[in-house]
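Just so we're aligned, residue 413 is where the sequence shown starts under our numbering, counting upward by one.
Structure first, then comments.
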Amino acid sequence: IITTFGDMLRVPSRLGSLEREKAQGRDIRVVYSPLDALKMAEDNPHKKIVFLGVGFETTSPLIASVILTAKRKKIKNFFVLPLFKLIFPALEFLSKAKDLNIDGFICPGHVSVITGSKPYEVIAKKYKKPCVITGFEAEDIIEGIIKLVRQRKRKVSKVEIAYKRAVKSGGNTKAKELIKKVFKVNDSFWRGLGLIKKSGLVLREEFKEFSAEEEFKLREVKSSYELKGCICGEILKGKFKPSDCKLFGKVCTPQKPVGPCMVSSEGACSAYYKYE
């Protein structure tokens, strides 16, 4: 049984999508928490339950906690496919790119609740890219943009928090400790961006019994899959707008996404399609 967050169902691949496989009779179930997947493993001891571990620093502490619970309870039929990503190597990757002209970053609020604001200082100081952590309300984003514009106008680069009701400088120490205890950093492929060094998380040796890669002898990913005509990677880099893509709004829609930027309601293309 494959368990996953809902957004993953429609992510396209060379072989189709989980949504298509589910329609063809595969046992794929949407869960709202990895705890649901763990309970499923307890309720179905004769079946192997795989949870697709996707997300950033916001998601990985919860999954780390579930893995620790599974180990404590000696659950042998629960596995995680670790596909976690780390935000800071990606920001550094974009900051170093010579073909990009990024003036600054609106930094993610929920991730920053976990990480705190300190890690962004490398981006601000080393690469001279202003960073403003914002929330998700319209007022938060507008405030973040204003702060970025002011920094650029004053020719300064620093980290500012425009989401002080949730984000602290040091972040969530307990959550960071959970990540460090269960996972280790590895090189990871990003769709549209390629290989980014030390930007992913995999299970530590002492938790390999819960690794779907080990259990099912999965092949190592050697490249990121890009669909012909999709320019999601270029959109992520800020080189093009979603409307510059020939597939946008025609072949590629939120109902039938071709690229990953259209899959989630939080994706650049999906948001552009809805609001522009």
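We put the beta carbon where it would ideally sit given N, CA and C, even for glycine.
In this chain, S676 is not harboured by any alpha helix (DSSP H), its DSSP state being neither H nor E.
If the five residues before and after L464 are omitted, its C-beta is found closer than 6 Å to the C-beta atoms of T416, M420 and L493, all from its own chain and listed in chain order.
The beta carbon of D439 lies closer than 8 Å to those of I413 and I414 in the same chain, with the five residues before and after it left out. If you draw a straight line from the Cα of T470 to the Cα of L498, it comes to about 10 Å. S425 is bridged by DSSP to G428. With the rule of 3 Cβ pairs closer than 8 Å, the segment 479 to 495 does not count as touching the segment 429 to 437. With respect to the 9 Å criterion, K559 and V579 are not classified as neighbours on the basis of their beta carbons.
Take P672, set aside five residues on each side of it, and the residues of its chain with a beta-carbon closer than 8 Å to its own are V423, P424, R603, G604, C644 and G679, in chain order.
Judged by beta-carbon spacing, K460 lies beyond the 9 Å limit of E626, meaning their Cβ atoms are not closer than that value. Non-local C-beta neighbours of G641 in its own chain, meaning closer than 8 Å and more than five positions away in sequence, comprise C657, K658, L659, V663 and V670, ordered along the chain.
Taking C-beta atoms as the reference points, R616 and F595 count as a pair closer than 9 Å. When the five nearest sequence neighbours on each side are left out, no beta carbon in the same chain lies closer than 6 Å to the beta carbon of R484. CA-CA distance, K510 to K651, rounds to 12 Å. The beta-bridge partner set that DSSP reports for P494 consists of G465. For R564, there is no enclosing beta strand (DSSP E); the enclosing alpha helix (DSSP H) has its first and last residue at A550 to R566.
Contact check for K609 and D599: beta-carbon distance about 5 Å, within the 8 Å limit, so the pair qualifies. The beta carbons of V571 and A536 sit closer together than 9 Å.
Partner residues in the beta bridge of T415, as assigned by DSSP, are R441 and F463. Non-local beta-carbon contacts of G547 in its own chain, meaning distances under 6 Å to residues more than five positions away in sequence, involve G521 and Y575 in chain order.
Rounded to whole angstroms, the gap between the alpha carbons of K668 and K567 is 43 Å. Taking the Cα of F500 as reference, the smallest distance to any Cα among C681, R577 and G528 is reached at G528. Between the C-alpha atoms of N513 and N456 there is a straight-line separation of about 52 Å. By the criterion of a C-beta distance shorter than 6 Å, V523 is surrounded in its chain by F468, E469, T470 and I499, once the five residues flanking it on both sides are discounted. Counted as a single uninterrupted DSSP element, the beta strand (DSSP E) harbouring E572 occupies residues V571 to I573.
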